Amino acid sequence: LNYTVFARSLGWPGWIIRGGNKVLKERGINLEDDFLPYIPDIEAPTRVIQNTNDPWTDLDLVNRFYQELQVEKDMVWWDLKNRRAAAYAYLAILLKPYLLGSTSISKSPE
Numbered sequence: 002l003n004y005t006v007f008a009r010s011l012g013w014p015g016w017i018i019r020g021g022n023k024v025l026k027e028r029g030i031n032l033e034d035d036f037l038p039y040i041p042d043i044e045a046p047t048r049v050i051q052n053t054n055d056p057w058t059d060l061d062l063v064n065r066f067y068q069e070l071q072v073e074k075d076m077v078w079w080d081l082k083n084r085r086a087a088a089y090a091y092l093a094i095l096l097k098p099y100l101l102g103s104t105s106i107s108k109s110p111e
């Protein structure tokens, strides 16, 4: 949800994060801004999907994001492997039948 928080969770030293942010800013990209004040601006119904075992995610930040949403919302927690991409991989498995309307991405992994 936030580049600096994500990079710190990877164990990157501050000088790499600052350098990366400097290069991005030079190219007109700012990933340092705190997005939390903009959550009330979200107007679309929102589903938040999170692997409870994602080693690089600040789950308190995910919960704060969810709590501050002011639209129709739901939270889906998946108990998957302790890998960053586990939820992406699981969602990819579910995506095809979900798009065909024969399953729901809310269902827990089997």
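Sequential numbering from 2 applies to the sequence shown in the working numbering. Note that the Cβ used here is the ideal one computed from N, Cα and C, for glycine as well. Here the structure is a predicted model, which means the values were calculated and not measured.
Worksheet item: Hey, how far is the Cα of residue 79 from the Cα of residue 49?
Response: The count along the sequence shown starts at 1 and reaches residue 79 at position 78. The count along the sequence shown starts at 1 and reaches residue 49 at position 48. Between residue 79 and residue 49, the C-alpha separation is close to 11 Å.
Discussion item. Quick check on DSSP: helix, strand or coil for residue 94?
Written reply: The count along the sequence shown starts at 1 and reaches residue 94 at position 93. Of the three classes helix, strand and coil, the one that applies to residue 94 here is helix, per DSSP.
Worksheet item: Which full runs of the beta strand (DSSP E) of 3+ residues lie inside the region 32 to 93, going along the chain?
Response: 47 to 52, 74 to 79
Practice prompt. Might you give, ordered along the chain, the residues of its own chain that have their beta carbon closer than 7 Å to the beta carbon of residue 1, omitting 5 neighbours on each side?
Written response: The structure shown does not extend to residue 1, since the chain spans only 2 to 111, so no value can be given for it.
Practice prompt. Locate the alpha helix (DSSP H) running through residue 21, then write down its first and last residues.
Written response: Residue 21 sits at position 20 when you count from the first residue of the sequence shown. Here the alpha helix (DSSP H) through residue 21 covers 15 to 27.
Worksheet item: Mind checking residue 83: buried by the 16 CB within 10 Å criterion, or exposed?
Response: On the sequence shown, position 82 is the one that residue 83 refers to. Counting Cβ neighbours within 10 Å, residue 83 comes out exposed, since fewer than 16 surround it.
Discussion item. If contact is defined by three or more beta carbon pairs under 8 Å, each pair taking one atom from either stretch, is the region 57 to 69 in contact with the region 17 to 28?
Written reply: no
Worksheet item: Alpha carbon to alpha carbon, what distance is there between residue 98 and residue 4?
Response: Position 3 of the sequence shown, counted from the first residue, corresponds to residue 4. Position 97 of the sequence shown, counted from the first residue, corresponds to residue 98. Their backbone Cα atoms lie some 32 Å apart in a straight line.
Worksheet item: Are residue 52 and residue 90 closer than 7 Å when you measure CB to CB?
Response: Numbered from 1 along the sequence shown, position 51 holds the residue referred to as residue 52. Numbered from 1 along the sequence shown, position 89 holds the residue referred to as residue 90. No; because the gap between Cβ atoms is not below 7 Å, this pair is not in contact.
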